[in-house]
Amino acid sequence: MNEEKKSVPKKQWWLVKLVVFLSLIFFGYFGYEYWKSEREKRLAAKHEVEKFDNVESEIFDLSKEYQDEYRDDLSDLTINELREKGAEFIYQMLLKNQVQISDLKSEIELLKSDILKYKNHEKIGKMILVYVSLRDKIFSGQNHLEELKNFELLAISDGNLQNKISDLKKNLSAFATAEKLRSDFKKLIPELIVSKNENRGQGVIAKIRHNMAKLVIVRKISDQNTQNTDGIISFIEKNLHDLNYHEALNLIAALDLQRQKILKEFLINLNASFEVQKIDDGIFNYLKSLT
């Protein structure tokens with residue numbers, strides 16, 4: 674009898690445990706289903722928001738100024754609110770956006786233009802500085818190869834300057850500085866003076882007298898008459914001193930052929946120096962026109 678009484682509570686205890694276990698399984702299952710349902714809802718909501726974000730990024734790409742102006746309208750805008758506002762609201766925003774984009778593009782183009790002008794002015798300024806250094810070295814007889822190379826590189830896209838540089842290089846080989854031209858001409862003056870009395874038909878004695886005469890030269894320094902040799906020589910000296918090479922060439926052309934032959938090598942240097950002088954003026958004037 675006692676054993677039957679003990680077995681009844683024992684059975685009841687197992688029944689309670691079974692009920693509790695089944696309850697845990699039941700609530701666990703429904704809890705999982707609920708969590709799964711909520712998770713799917715959150716994912717769906719996130720997907721909708723992302724779709725709207727994509728639409729917003731494509732359609733409502735407003736400038737900062739416009740976004741600030743309509744921040745209250747756009748910051749918490751949902752799909753439902755967008756539907757409520759209707760097509761007119763979307764149209765107004767698109768219209769405003771297009772105006773802002775157009776203004777922004779105009780400002781960007783102006784900025785690009787200003788930057789381009791600044792870069793051009795900066796490049797021109799650099800070209801002028803390099804050319805000033807180049808011409809200083811040319812006219813003072815210094816080595817100028819590095820400066821010439823740099824100037825060529827800066828002017829590589831300018832056809833006009835490239836032509837001038839090409840002409841300059843052709844004449845630099847025979848170019849002589851102003852000081853050298855004056856010195857070379859001064860050395861030739863005795864030959865020019867005595868040659869007026871020289872007679873090629875005379876013999877050795879006449880040649881000796883000619884060479885002796887070059888040692889003692891009497892010049893009419895005050896003679897300003899370009900109709901005689903002394904006057905022409907004086908004017909040539911003056912124009913060489915004043916760097917007026919064009920006039921010096923004209924005066925030499927007025928001399929007789931015999932004296933021009935004496936000046937043959939000198940004329941090559943003078944012509945080259947005159948051409949370099951003209952090219953220099955042309956380059957300087959062109960660079961000034963660019964500023």
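The C-terminal residue of the sequence shown carries number 964 in this note's numbering, and the numbering is unbroken.
Note that the Cβ used here is the ideal one computed from N, Cα and C, for glycine as well.
Since the structure is predicted, the reported quantities are computational estimates derived from the model, not experimental observations.
Close beta carbons around residue i, own chain, < 8 Å, minus the five adjacent residues each side
i      : result
Asn912 : Tyr918, Glu920, Ala921, Leu924
Ile797 : Leu960, Leu963, Thr964
Three-state secondary structure (DSSP) of residue i
i      : result
Thr964 : coil
Asp831 : coil
Ile774 : helix
Gly814 : coil
Ala921 : helix
Phe848 : coil
Phe733 : Here Phe733 scores only 45 on pLDDT, less than 50, and its place in the model should not be relied on; the value that follows carries that caveat. Coil, per DSSP.
Ala926 : helix
N-terminal and C-terminal residue of the alpha helix (DSSP H) that residue i is part of
i      : result
Ala851 : 851-867
His914 : 902-914
Leu930 : 930-935
Same chain only: Cβ atoms within 7 Å of residue i, ignoring 5 sequence neighbours per side
i      : result
Leu841 : Val949, Ile952
Glu825 : Ile838
Ser946 : Phe848, Ala849, Leu854, Tyr918
Arg808 : Asp953
Contacting residues, own chain, Cβ-Cβ under 6 Å from residue i (five flanking each side not counted)
i      : result
Asp857 : Phe939
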